[in-house]
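Presented below is the structure to which this report refers.
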Amino acid sequence: MPKVKGLKCRECHRAYPAKPLHVCEFCFGPLEVDYDYAALRQVATRRAIEAGPPSIWRYRALLPVDGEAAVGHACGMTPLVRAKNLGAALGVQECYLKNDAVCHPTLSFKDRVVAVAVTRALEFGFSVVACASTGNLANSVAAHAAEASLKSVIFVPADLEQTKIVGTQIYRPTLVAVDGNYDEVNRLCSEVADKYGWAFVNINIRPYYAEGSKTFGFEIAEQLGWRAPRHIVVPAAGGSLVTKIWKGLKELHALDLIPEVRTRMYVAQAAGCGPIVTAIKADSETIRPVKPRTIAKSLAIGNPADGYYAVKAVKESGGSGEHATDEEILDAIQLLAATEGIFTETAGGVTVAAARTLIARGVIPRDESLVISITGNGLKTQEALAGRLPAGLTIKPTLKAFDEALAAHEAATGGA
Ligand SMILES: *Cc1c(COP(=O)(O)O)cnc(C)c1O
Ligand SMILES: [Zn+2]
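In terms of my numbering, the sequence shown opens at residue 615 and continues consecutively.
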């Protein structure tokens, strides 16, 4: 009996075979992978997982692939950092950072979903992988396609950060810059997927792709000594990551790998593109699409595919959500760097800023364990910090020049 029973409609629960399908033919609901949990109990034990490789593939039993990992053998198992300095700055006692700014190979959490999607695409026999991306997905699909010797076609909004363009082009995909926002890119890609029969990781093989996000939650629980934290703040674009961390924690409990899950999930979004958080704050399950206007481009999805399920996960967990303005995002990026020596991209700024507000408002208590999700690397969004960092000292190569420059600098900055 295989561990994956097939796909199942999240709305009407109709069953489908484990094929490259993503929408229910009857109700147009999204499909999700359906596992045989009784079979999983035999293989997914703490001991088996701990004996596995130091990557997402230690959880292979809980991922929708039939065979061995084809790509991303070093993906995941990123540090869970005990953030004492940031915790003190935010006023919480037990603060951790799950740091996917250093996820292998393209420095964002998207490597998790892509490693799973590309492995599955190979099992399906696809020869071209593709995606609609806000940046990090583009980097990751292009890199993993190179590793798998597959062709890749990457669609991005034309106004993407230059670093994310270079970080995609280096792998020689076919890169298509679309004169439009992400939601327009995504709509185009649905038509391309139908016509060309390519494996669009976040469209026609989305059910498999999305499961990769569970590993972010699995690792947090394992790294805490097989327990779930009380609070997790997660940035949302399409809303898949937060939904799947929640699903992953519940799976661990269902398999008796962790005690009862009392975790509250919090969604972090930019004020200029925060439709999921807006719905949470209004206590509504209806997502009203918005036109994105924010420096957090990796989260700039105005019509989030999993928005409704993200709201449901937050509600079910007893959590909440918070917006961050562009100014708060930049302050938070600098706070994280100054306190923990970690440089995150704008999405991480959104998460830290939202956590800060939730703590200040008393929504997240100061004496319970908190994990803040850092999902991307600051070197990719350097433009956002333009004009905010001081210039260094520039001198002639003499000790006298250094003495003078240092004295002038100390006088100007009060000896710092
Ligand atoms: C894509 C992305 C997210 C959010 O992912 P969703 O699953 O679409 O909500 C968070 N952080 C970063 C850096 C991303 O690139
Ligand atoms: Zn259905």
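Yeah, the Cβ is synthetic: ideal placement off N, Cα and C, and Gly gets one too.
- Annotation for S931: the continuous alpha helix (DSSP H) segment containing it runs 921-931.
- The closest heavy atom of ligand 2 lies 7 Å or more from the beta carbon of E646.
- Taken from the Cβ of G620, every heavy atom of ligand 2 lies 7 Å or farther away.
- In the displayed model, P719 falls within coil according to three-state DSSP, outside both helix and strand.
- Contact between L855 and F830 holds: CB atoms are separated by about 7 Å, below the 8 Å threshold.
- Non-local C-beta neighbours of R624 in its own chain, meaning closer than 6 Å and more than five positions away in sequence, comprise G643, P644, E646, ordered along the chain.
- Residue state for I859 is assigned as helix, using DSSP reduced to three classes.
- DSSP lists V847, S934 as the beta-bridge partner residues of Y880.
- Exposure of F640 is indicated by the presence of fewer than 16 other C-beta atoms within 10 angstroms of its C-beta.
- The straight-line gap separating the alpha-carbon atoms of D725 and I859 is approximately 15 Å.
- Counting C-beta atoms within 10 angstroms of its own C-beta, E942 has 16 or more neighbours from the protein chains shown and is therefore classed as buried.
- Within its own chain, the residues whose Cβ lies closer than 8 Å to the Cβ of L694, once the five positions on either side in sequence are excluded, are Y710, L711, K712, N713, E833, I834, Q837, L838, V985, listed in chain order.
- Counting of Cβ neighbours within 10 angstroms places Y649 among the buried residues, the total reaching 16 or more.
- Beta-bridge partners assigned by DSSP to A813: V743.
- Between L700 and L1007 the beta-carbon gap is near 28 Å, outside 8 Å, which marks them as no contact.
- Taking the Cβ atoms as the reference, H937 lies roughly 13 Å from V977, outside the contact range of under 8 Å.
- One residue after another in chain order, those with a Cβ under 6 Å from a heavy atom of ligand 2 are C623, E625, C626, R628, C638, F640, C641, G643.
- Taking non-hydrogen atoms of ligand 1 into account, the C-beta of P849 is found less than 7 Å away from one of them.
- The three-state reading of DSSP puts A756 in helix, counting H, G and I together.
- Residue pairing by DSSP places C709 opposite L984 in a beta bridge.
- Ranking G932, R696, A882 by CA distance to the CA of G921 puts A882 first.
- Taking the CA atoms as reference points, S804 sits about 7 Å from I817.
- Exclusion of the five residues before and after V790 leaves F769 as the residues of its chain whose Cβ lies within less than 6 Å of its Cβ.
- When the five nearest sequence neighbours on each side are left out, the beta carbons in the same chain lying within less than 6 Å of the beta carbon of V657 are those of A675, in order along the chain.
- The segment 914-932 makes no contact with the segment 948-968: fewer than 3 CB pairs, one atom from each, lie closer than 8 Å.
- Closest by C-alpha distance to I973, out of Y673, C626, L704, is L704.
- Apart from the 5 residues on each side of it in sequence, T965 sits with its Cβ closer than 6 Å to the Cβ of V847, P849, A882, I986, S987 in its chain, given in chain order.
- Counting only residues of its own chain and dropping the five nearest sequence neighbours on each side, A807 has a CB closer than 6 Å to the CB of F814, I817, N818.
- If you check the C-beta of K712 against ligand 1, you find no heavy atom less than 7 Å away.
- By the Cβ-count criterion, P873 is exposed, with fewer than 16 other Cβ atoms from all chains shown falling within 10 Å of its own Cβ.
- The beta carbon of G701 sits no closer than 7 Å to any heavy atom of ligand 1.
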